[in-house]
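Accompanying notes for the structure given below.
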Amino acid sequence: MPSILADPAAVAVLPTLEVPDCLQAQPELLHSLKHSSSVLALAVSPQHDSIYAGTQDGEIVVWSLSTFHQVQQVQAHKRSVMSLSLSPDGCYLFSSACDPIINVWCPQTLRRLYEIYGNHDVGDVFSTAYSPQHDTLYIGAQNMTIQWVSLSDPSIRVTPESQRHPDRRSHRFFDSKAVGGTSTPRRSEDKWGLIPRANTVLEIDSGAIRKFAHYGYIYCMLIAKGPTVEVGPEDDVLISGGGDGTIKLWSLGAPGRGDPDDPERAGIREIMSLGADDAESVLSLALDGSFLYAGKLDGIVELWDLDTAQRLRVIKAQNHDIMSLQMGQWKAHSGKEKSKILTSACSAYKNEKYYITGANDDDICVWNIKDEGEAELGPRSQTKDDVLLSALTEFVSYKTISSRPEFAEDCRKGATYLGALFKRMGGYVEMLSTGESHNPVVLARFSGKKESADKRKRILFYGHYDVVPADNEKGKWATEPFAVHGTNGFLYGRGISDNKGPILAALFAVTDLVQAQKLENDVVFLIEGEEEFGSRGFEQVVQGNKERIGPVDYVLLANSYWLDDEVPCLTYGLRGVLHATICVDSSRPDTHSGVDGSHINDEPLSDLTAVLSKLKGRGNRVLIPGFYDGIPPVTPEEEARYDDIASILVRRSAEAASEAEIKKSLLARWREPNLTIHRYNVSGPDGSLVSSHASSHISMRLVPGQEVDVVAAALTSFLQREFAGLDSENKLNIRIDNKAEPWLGDPTNDIFRTLCDAVIEAWPDCFEPRQGAAQRSNRSEGSEGPRQDSPEPPTGKPRKPLYIREGGSIPATRFLEKEFGAPAAHLPCGRASDSAHLNNERMSLINLVKAREIFGKVFVRL
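Counting in UniProt numbering, the final residue of the sequence shown is number 862, and the numbers go up one at a time with none missing.
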């Protein structure tokens with residue numbers, strides 16, 4: 001049963017005027033789509049997986065109905081788009097605007113198939129309606145006419161340069177000549193040149209018009225199949241609503257040109273008129289069998305019975321104009337204080353019912369709805385992605401901030417929730433205590449099929465459920481950090497990309513396989529809660545519980561991001577890290593620099609500065625003896641990887657630097673060590689004091705070939721030697737806070753090759769097609785996925801994922817690899833724009849779904 005939506009709420013309208021209990025609850029806001037201008041028109045096509053939005057700027061913007069990513073955008077009209085509609089078979093998308101042009105588009109490609117105009121100055125075109133029976137488009141305009149055009153009539157096709165085109169014919173008002181015989185030049189805007197050229201231009205015949213169809217603007221129209229006994233049940237009938245307050249039903253004759261001076265031969269024939277022509281404007285229409293709902297000014301809704309031509313009810317629904325008629329009752333938009341819902345659409349897609357609203361707050365909101373019958377049957381059946389998103393929403397809601405003691409309880413609750421989820425999905429779960437006040441490690445095991453017990457591998461998936469802080473006191477987050485919110489195909493929330501989303505993608509990949517009885521290998525999840533705070537206690541827990549964890553053949557993690565937002569990557573190297581605190585202390589208390597300060601007293605801060613200044617020389621080169629010893633040179637294979645990456649990145653971005661600059665930057669970030677002085681701390685609050693204590697925190701990023709313990713010893717020895725050379729009366733103390741070894745994987749091993757194939761299969765549009773289906777099976781041992789013997793094609797698409805290293809550190813990677821004697825591999829799930837650790841952290845919905853698919857392939861094939 002249809003109902004009303006207007007600003008700022010929608011109110012249900014049923015024959016009984018009662019809202020059933022199932023519609024009282026706020027429906028679920030599934031996703032919101034952001035644009036830069038008001039949304040005036042909407043159309044939805046499950047057939048093309050598309051949501052079409054017509055905007056105030058004259059654009060048509062298309063989002064995917066499955067992933068909510070924007071997929072297309074086209075300048076469609078010179079003025080605001082007033083209506084969008086699809087033909088019943090989904091072959092045509094019709095648009096009209098505040099200009100005299102009507103466009104017909106291919107819904108799949110947004111090619112402009114037809115450009116249509118009439119010989120009359122119609123003003124704005126508020127509505128269109130298409131009759132499949134007659135292959136005719138009907139047009140409702142500001143000049144109170146209904147016009148029509150047959151898309152298959154060759155006699156009305158004209159050249160784009162026709163002088164009768166609205167852009168070329170003289171306008172009696174705007175082109176009128178002023179004193180002196182000149183007229184004002186027409187306005188020209190660059191964006192008008194962006195409108196695609198039409199394949200065919202149709203000029204509406206001067207006879208294909210019904211003048212004064214209404215005595216007011218024709219705001220809305222729809223085509224109905226035999227809605228009244230006046231016509232046959234299979235006949236198309238046009239229903240129109242006008243600014244004069246009337247609703248009219250028209251029978252449709254053959255799509256001939258008619259006679260504009262003879263209403264009976266004008267191509268459409270009025271068969272019914274409802275309402276008085278001095279009433280409030282009819283702005284929207286909705287049909288339910290023989291019941292017709294009309295939305296009018298000032299919140300009035302009229303309910304008509306078309307069989308008897310009787311008005312059954314007049315309802316004062318609200319105080320706002322009824323711009324759209326659909327289903328439901330709730331406050332739908334709140335982006336602005338006076339936001340108005342201007343358009344809406346309903347659609348069924350993948351067993352779901354969506355209600356989509358567009359408003360002047362530049363938002364499109366997608367709602368999950370269910371009708372009264374579904375409510376009686378109980379909760380709706382959820383798709384597998386629904387369950388994943390529901391679990392992720394709850395997982396993100398736990399403020400698992402490991403670095404702040406006040407969130408210790410939230411961390412434990414988050415760990416408990418994750419353990420319960422693993423158990424609910426069929427895993428054997430244990431909570432491994434780290435002792436002291438550290439957060440527990442969640443261990444979960446899933447066993448492969450019994451019949452493959454003799455050849456099963458054991459895959460260890462590592463992740464972390466803790467997150468960095470997400471303070472929003474200054475309002476830098478667009479949404480609540482610990483509540484998942486979907487916008488433009490991205491899910492926003494702290495930890496959604498780092499690392500809660502990838503963990504659940506891997507978990508649900510396992511459960512997919514278990515339910516399908518296709519899990520060939522054992523999968524062990526080891527999820528810690530201290531990664532963002534130095535992985536405190538993690539190594540001790542693993543070493544103390546190796547028997548519980550069991551043997552491991554492969555280690556897999558997913559805790560990083562692509563280089564950009566376009567090309568999937570595989571990470572095969574990470575820099576290690578060493579954090580240290582350097583302190584210099586005096587036996588004297590803090591003193592005043594003026595009263596007590598003297599050159600005969602050694603100042604701790606001066607000593608600390610002198611010592612730290614010796615750590616680095618020109619070009620930021622670290623001066624610790626032997627620091628660079630053992631770092632292997634760049635191999636030809638590695639050089640080729642960097643060249644591939646640089647060439648692809650420079651082609652994908654018009655603003656990118658040169659290939660040489662990109663390559664130099666990547667080499668410096670990924671495979672060269674560095675030392676950074678982060679901050680100074682001193683005792684005493686007064687800036688004029690000579691502090692008795694001075695300290696600094698430094699970090700060293702290490703690369704494969706450097707042993708972290710060796711570097712730590714060299715750092716300590718070097719600083720002590722330099723400090724001794726100062727002959728200072730102060731004391732030096734060096735504290736190693738935490739350390740992690742660098743990691744370098746083997747891109748040619750089984751796990752990387754399996755990941756490579758899975759990524760290519762999951763993201764086919766990101767890569768050049770393979771040469772043959774047998775390529776994978778014929779690939780030689782020791783190669784990195786598909787061969788790449790020829791240069792990358794000019795499209796900028798690679799033939800395989802980019803093999804990258806990263807400048808950051810994940811302490812557990814090399815530790816787990818050494819502890820279990822198993823090779824590790826790293827699948828980046830997120831995109832470069834995910835803003836992990838920053839405000840408005842997010843993850844693409846499609847990346848989450850693809851990660852689930854990739855993990856599933858890997859768990860089966862290894």
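Don't be surprised by glycine CBs; every beta carbon is placed ideally from N, CA and C.
- Collapsing the DSSP output to three states places residue 100 in a strand.
- Less than 8 Å separates the beta-carbon of residue 468 from that of residue 532.
- At a Cβ-Cβ threshold of 8 Å, residue 673 and residue 701 count as neighbours.
- A straight line joining the alpha-carbon of residue 840 with that of residue 508 spans about 25 Å.
- At the C-beta level, residue 323 and residue 283 come within 8 Å of one another.
- According to the DSSP assignment, residue 476 belongs to no alpha helix (DSSP H), since it is labelled neither H nor E.
- DSSP places residue 543 in no beta strand (DSSP E) but in the uninterrupted alpha helix (DSSP H) bounded by 538 to 544.
- Residue environment: residue 167 is assigned as exposed (fewer than 16 neighbouring CB atoms within 10 Å of its CB, all protein chains considered).
- Counting other Cβ atoms within 10 Å of its Cβ, residue 212 stays below 16 and is therefore classed as exposed.
- Below 8 Å, too few C-beta pairs join the region 720 to 735 and the region 822 to 833 to call them touching: fewer than three.
- In the displayed model, residue 799 falls within coil according to three-state DSSP, outside both helix and strand.
- The count of Cβ pairs closer than 8 Å, one atom from the region 198 to 208 and one from the region 241 to 248, stays below three, leaving the stretches out of contact.
- Where residue 527 is concerned, there is no enclosing alpha helix (DSSP H), although the beta strand (DSSP E) around it starts and stops at 522 to 528.
- With contacts defined by Cβ atoms closer than 8 Å, residue 358 and residue 30 do not form a contacting pair.
- By alpha-carbon distance to residue 522, the top candidate from 528, 514, 529 is 514.
- Bounds of any beta strand (DSSP E) do not take in residue 635, whose DSSP letter is neither H nor E.
- Annotation for residue 75: the continuous beta strand (DSSP E) segment containing it runs 70 to 75.
- Nearest C-alpha to residue 54 among 39, 45, 314: 39.
- Checking the DSSP bridge columns, you'll see residue 249 partnered with 239, 272.
- Counting only the Cα atoms, residue 84 lies some 32 Å from residue 850.
- Counting other Cβ atoms within 10 Å of its Cβ, residue 298 stays below 16 and is therefore classed as exposed.
- By the Cβ criterion, the region 547 to 564 is in contact with the region 449 to 461, since at least three pairs of Cβ atoms, one from each stretch, lie closer than 8 Å.
- Cβ neighbours of residue 144 within its own chain (closer than 6 Å, five residues either side excluded): 212, 214.
- Inter-residue distance for residue 250 and residue 192 is about 36 Å (C-alpha atoms, whole angstroms).
- When DSSP states are grouped into helix, strand and coil, residue 508 belongs to the helix group.
- Per DSSP, residue 38 lies in no alpha helix (DSSP H) segment and is marked neither H nor E.
- Counted as a single uninterrupted DSSP element, the stretch harbouring residue 419 is not any beta strand (DSSP E) but the alpha helix (DSSP H) occupying residues 408 to 424.
- In the structure shown, the three-state DSSP call for residue 738 is strand.
- Between the C-alpha atoms of residue 497 and residue 812 there is a straight-line separation of about 18 Å.
- Contact check for residue 158 against residue 141 fails: the beta carbons are separated by 8 Å or more.
- Beta bridge pairing from DSSP links residue 584 with 694, 732.
- Taking 8 Å as the cut-off, the beta carbon of residue 110 is found no closer than this to the beta carbon of residue 43.
- Distance between residue 649 and residue 760, taken at the CA atoms: about 18 Å.
- Three or more pairs of CB atoms, one per stretch, sit closer than 8 Å, so the region 605 to 619 contacts the region 711 to 725.
- A buried status is given to residue 800, since no fewer than 16 other beta-carbon atoms sit within 10 Å of its beta-carbon.
- Annotated three-state conformation of residue 348 is strand, per DSSP.
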